[in-house]
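Written out below as structure tokens is the structure these notes cover.
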Ligand code: PMV
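In our numbering, the protein residues as written are 466 to 787.
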């Protein structure tokens, strides 16, 4: 009745922004991501008939604000007859949470894998990914390693691994510019964009074309092509956000300074591009030979608080169960 799983966050290169079905949490657009190896969430789930309620601890602290999403995710496991036993969930995360570093992706991917094992529910990877995706759209992608494509349907999502981490070993350097939680969560922000941004429809219309280019770039290991489409797609998503009412601006001045740092590195021939999610952190994706220069340049950018770096990693997996 107790199991522990690990999952790593993933970074979307072609972004998910907007939902086609809020109740089922189905994305409005397809997306393409890379799963990381150095950042992780490790989650233990123990179902216990003696508990009076679910309990959730993050880094050994009680986190009541996050409990309802955790409980809902446990409720969504198939096979419960009548009421389920309550669970104690212990999560440890080695990077800042709710700060635009995809902590919800690794959190729900690890939770689903651990909870299925603790509950004795045998589910294939895709079904686990769909459960994680109901809790957090991007979490579905963290069930898979390397390069992952998520296809959004009207009833469910599909996922495909496009390449293994070792097929194209890229490096990801994260520049942390602020560690506090974001002001507006991604779910609320996506709804605001869908309802108010004049660019939202165009975002939906053009996503398929962006994805085709990115998929081909991954197949051909064409870094320049992937860099161009990933930066374009990221800036387009942020344009949708900026034009929402009230506006959604997740960047700070250090985020902008980091973008300039990447431009400077590109100008002197480094193979690197940036992407930014619903938070002020900048993620630089580069070829391994440029990793040292990228780390050095981002660390020297005034205002950068922390650098985290690593390669591409595996999907969520069980660590132990008893
Ligand atoms: O999975 P959510 O609800 O945290 O939304 C993720 C949205 C972005 O990170 C901005 C883009 C993405 O595809 O991961």
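Yeah, the Cβ is synthetic: ideal placement off N, Cα and C, and Gly gets one too. Being a predicted model, the structure only gives us computed values, none of them experimental.
Discussion item. Let me check one thing: in DSSP terms, what residues is residue 780 bridge-paired to?
Written reply: According to DSSP, residue 780 bridges with nothing at all.
Fill in: Below 5 Å from a heavy atom of the ligand PMV - residues by beta-carbon
Spelled out in chain order, the answer is 477, 480, 481, 496, 569, 601, 602, 603, 651, 742 and 743.
Worksheet item: Can you tell which of 760, 776 and 678 has the C-alpha that lies nearest to the C-alpha of residue 770?
Response: Residue 770 has its Cα closest to that of 760, out of 760, 776 and 678.
Worksheet entry | Sub-9 Å separation of residue 554 and residue 510 beta-carbons | If you check the CB distance, residue 554 and residue 510 come in under 9 Å.
Worksheet entry | Between the CA atoms of residue 739 and residue 725 - distance to the nearest angstrom | Each residue's alpha carbon lies about 10 Å from the other.
Worksheet item: Residues in its own chain within less than 6 Å of residue 520 by CB, not counting five upstream and five downstream?
Response: Residues 553 of the same chain have their beta carbon placed closer than 6 Å to that of residue 520, with the five preceding and five following residues left out of the count.
Worksheet item: Among the residues of its own chain, which have a CB less than 7 Å from the CB of residue 651, if the five just before and after it don't count?
Response: So the qualifying residues of the chain are 743.
Worksheet item: Can you tell which of 787, 757, 469 and 785 has its C-alpha closest to the C-alpha of residue 776?
Response: Among 787, 757, 469 and 785, the Cα nearest to that of residue 776 is on 757.
Fill in: Secondary structure of residue 702, DSSP reduced to three states
Helix at residue 702.
Worksheet item: According to DSSP, is residue 720 helix, strand or coil?
Response: In this structure, residue 720 counts as helix in the three-state DSSP scheme.
Practice prompt. Under the assumption that residue 736 contacts residue 688 (Cβ atoms under 8 Å), give the Cβ distance between them as a whole number of angstroms.
Written response: Indeed they touch by this definition, with Cβ atoms about 5 Å apart.
Item to complete: Consider the Cβ of residue 504: report whether some Cβ of chain B lies at a distance smaller than 9 Å.
Response: No chain B appears in this structure, which consists of one protein chain only.
Worksheet item: Can we say the segment 562-581 touches the segment 594-611, given the rule of at least three CB pairs closer than 8 Å?
Response: By the Cβ test, the segment 562-581 is in contact with the segment 594-611, since at least three Cβ pairs between them sit closer than 8 Å.
Worksheet entry | Identity of the residue in 707, 698, 708 and 749 nearest residue 722 by Cα | Looking from the CA of residue 722, the closest CA among 707, 698, 708 and 749 belongs to 749.
Worksheet item: Quick one: is residue 685 buried, meaning 16 or more other Cβ sit within 10 Å of its Cβ, or exposed?
Response: Exposed: under 16 other Cβ atoms inside 10 Å.
Item to complete: List in chain order: all unbroken beta strand (DSSP E) runs of 3+ residues lying wholly within the segment 630-696.
Response: Those beta strand (DSSP E) runs which fall completely within the segment 630-696 and span 3+ residues are 636-641.
Worksheet item: For residue 733, does the count of other Cβ atoms within 10 angstroms reach 16, so buried, or fall short, so exposed?
Response: Exposed is the call here.
Discussion item. Could you tell me the alpha carbon to alpha carbon distance between residue 458 and residue 618, rounded to whole angstroms?
Written reply: Here the chain covers residues 466 to 787 and nothing more, so residue 458 does not appear.
Worksheet item: Buried or exposed: residue 537, going by 16 or more other Cβ atoms within 10 Å of its Cβ?
Response: Around the CB of residue 537, fewer than 16 other CB atoms lie within 10 Å, so the residue is classed as exposed.
Worksheet item: Looking at C-alpha atoms only, which residue of 466, 481 and 474 is the closest neighbour of residue 656?
Response: The candidate whose alpha carbon is nearest that of residue 656 is 481.
Worksheet entry | For residue 775: DSSP bridge partner residues | Note: residue 775 sits in a beta bridge opposite 637.
Worksheet item: Do you know how far the Cα of residue 551 is from the Cα of residue 790?
Response: As shown, the chain starts at 466 and ends at 787. That puts residue 790 outside it, with no answer to give.
Fill in: Residue nearest to residue 507 in terms of C-alpha spacing, selected from 475, 575 and 527
Across the set 475, 575 and 527, the C-alpha of 575 shows the shortest separation from the C-alpha of residue 507.
Item to complete: Have a look at the DSSP bridge pairing and note the partners of residue 500.
Response: When DSSP reads this structure, residue 500 sits in a beta bridge with 475.
Fill in: Alpha carbon of residue 635 to alpha carbon of residue 764, nearest angstrom
In a straight line, the C-alpha of residue 635 is about 19 Å away from that of residue 764.
Worksheet item: Going along the chain, which residues of its own chain have a beta-carbon closer than 8 Å to the beta-carbon of residue 561, five neighbours each way excluded?
Response: These residues qualify, in order along the chain: 568, 641 and 644.
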